[in-house]
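Residue numbers (the working numbering): 187 to 553. We treat Cβ as the ideally placed atom computed from N, Cα and C, and that holds for glycine. If you're wondering where the values come from, they're calculated on a predicted model, not measured in any experiment.
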């Protein structure tokens, strides 16, 4: 990849985002919040992203045969994996029926069928990961909330409120599960978080084709940077079995994102590659050597990444990349300023800083 191309991708990531919609948007301006949410529930790319995510989790468990703390324990269970895949095929059919109901104007039935599809995805995810499915998704939804809070506009504010509500509902179901051990409560908790993930992709359905192609390319680039950074900083050579599984899950998702991009399914590629960045942070957080306050470690990681970027730019000066790095430093400063009162949010932002600085280093060293 040539340096000008990488520079363009970094600009999209750090300072501008993408301009919003034109007439090709699949969401009309007058749909209202509930109409928008139902459309996201049945969107073919976004429902497929949920299914591929769980398929990647299955592959992450089975690839090497290391222990997992979920339902596929010590020795991975191919029968359980086959059962999970069968549930995912049932979910695909439910989502197809939901789209048909939506096209036919039956919104309540579309919403119900989409709910049934997500519950099947949740059941498959729990079968593979056990309670870890909830814990991992909750961390990812927290990251999503941070990103939306950092860049929220008036149009997205109602969706952010709905995502927070879904998180609260998920926490309620999980509390019920902890008291009752009824797996249906765990499935319901995971389903609420899956819907939150779908809603978070709302802005991606508005972009013009040329913009979304470039954004998809950028997202894969950043996913690669996040994977590289996670592999470097999470106690290299001493990964726990759980870290290895999550990292393999993320690698499978990155590969699927590339395939989706090559097939012209740009919104699917975006959804998958964004999940990779979030999962990469999970790999770091799972490090047993991480201090009780992860802000300290993430600050050190981001400082190292920034120092590496400064060294790369000293060796190969680039005015544009230097400006981007200054922006990254300002974001890091903001994260540190809120770290005492909002430590989880600070951790998410510091990971963004570290990945962005790593990307600048990569861009500066491209011949």
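Please tell me whether residue 305 and residue 377 are closer than 8 Å, where the distance is taken between their beta carbons.
Cβ distance < 8 Å, so residue 305 and residue 377 count as in contact.
Does the Cβ-Cβ distance between residue 240 and residue 314 come in under 8 Å?
Yes.
Within the continuous alpha helix (DSSP H) that includes residue 494, where are the two ends?
Residue 494: member of the alpha helix (DSSP H) spanning 480-501, first to last residue.
Can you look up residue 291 in the DSSP assignment and give me helix, strand or coil?
DSSP, read as helix, strand or coil, puts residue 291 in coil.
How big is the Cα-Cα spacing for residue 534 and residue 551?
Computed Cα separation, rounded: 26 Å.
For residue 552, the first and last residue of its enclosing alpha helix (DSSP H)
Per DSSP, residue 552 belongs to no alpha helix (DSSP H) and is neither H nor E.
Find out if the Cβ-Cβ distance for the pair residue 508, residue 459 is shorter than 8 Å.
No, Cβ-Cβ distance for residue 508 and residue 459 is not below 8 Å.
For residue 203, does the three-state DSSP call read helix, strand or coil?
Residue confidence is low: residue 203 scores 36 on pLDDT, short of 50, so the model does not pin down where it sits. No coordinate-derived value is stated.
DSSP state of residue 279 mapped onto helix, strand, coil:
Of the three classes helix, strand and coil, the one that applies to residue 279 here is helix, per DSSP.
If we count Cβ pairs, one from each stretch, closer than 8 Å, do we get three or more for the segment 293-312 versus the segment 272-284?
Flag = yes, the segment 293-312 and the segment 272-284 touch.
Quick one: what does DSSP say residue 264 is sitting in, helix, strand or coil?
Collapsing the DSSP output to three states places residue 264 in a helix.
Please determine, among 329, 227, 271, 269, the residue with the shortest C-alpha to C-alpha distance to residue 465.
Per the Cα distances, 329.
Rounded to the nearest angstrom, what separates residue 524 and residue 299 at their Cα positions?
Straight-line Cα distance between these residues: approximately 42 Å.
Between the Cα of residue 354 and those of 327, 539, 442, spot the shortest distance and give me the residue it belongs to.
Residue 327 is the option with its Cα nearest to residue 354.
Looking at residue 456 and residue 374, is the spacing between their C-beta atoms short of 8 Å?
Taking the C-beta atoms as reference points, residue 456 is found no nearer than 8 Å to residue 374.
Looking at residue 480 and residue 471, is the spacing between their C-beta atoms short of 8 Å?
For the 8 Å CB-CB criterion, residue 471 and residue 480 form a contact.
CA-CA distance, residue 461 and residue 520?
Residue 520 has its alpha-carbon roughly 24 Å from the corresponding atom of residue 461.
Residue 362 to residue 381 span [Cα, whole Å]:
Cα to Cα, the separation comes out at about 19 Å.
The alpha helix (DSSP H) enclosing residue 511, as first and last residue numbers:
505-524 is the extent of the alpha helix (DSSP H) around residue 511.
Note down the Cα distance separating residue 517 from residue 539, rounded to an integer number of angstroms.
About 7 Å.
Residue 528 versus 503, 372, 416, 331, residue with shortest Cα-Cα distance:
Ranking 503, 372, 416, 331 by Cα distance to residue 528 puts 331 first.
What do you reckon, are the CB atoms on residue 372 and residue 360 nearer than 8 Å?
A contact, by the Cβ cut-off of 8 Å.
Helix or strand or just coil, what does DSSP make of residue 208?
With a pLDDT of 32 at residue 208, under the threshold of 50, the predicted position of this residue should be treated as unreliable, though the coordinate-derived value follows. Three-state result, residue 208: coil.
Would you kindly check if the distance between the Cβ of residue 224 and the Cβ of residue 297 is under 8 Å?
Yes, they are a contact pair.
Is residue 247 buried or exposed, if buried means 16 or more other CB atoms sit within 10 Å of its CB?
That one is buried.
Distance check for residue 416 and residue 285, CA to CA, integer angstroms please.
The C-alpha of residue 285 lies about 37 Å from the C-alpha of residue 416.
Classify residue 268 as buried or exposed, calling it buried when 16 or more other Cβ atoms lie within 10 Å of its own Cβ.
Residue 268 is exposed by the Cβ-count criterion.
Every unbroken alpha helix (DSSP H) within the segment 332-415, with a cutoff of 4 residues, ordered by chain
Secondary structure in the segment 332-415: the alpha helix (DSSP H) runs of 4 residues or longer, each lying completely within the stretch, are 340-366, 369-386 in chain order.
Can you tell me which of 451, 482, 537 puts its alpha carbon nearest to the alpha carbon of residue 234?
When each option's Cα is compared against that of residue 234, the closest is 451.
Leaving out five residues before and five after residue 413 in sequence, what residues of the same chain have Cβ atoms less than 8 Å from its Cβ?
Counting only Cβ-Cβ distances below 8 Å, and skipping sequence neighbours, we find 433, 436, 437, 440, 462, 466.
The alpha helix (DSSP H) enclosing residue 430, as first and last residue numbers:
Per DSSP, residue 430 belongs to the alpha helix (DSSP H) from 427-448.
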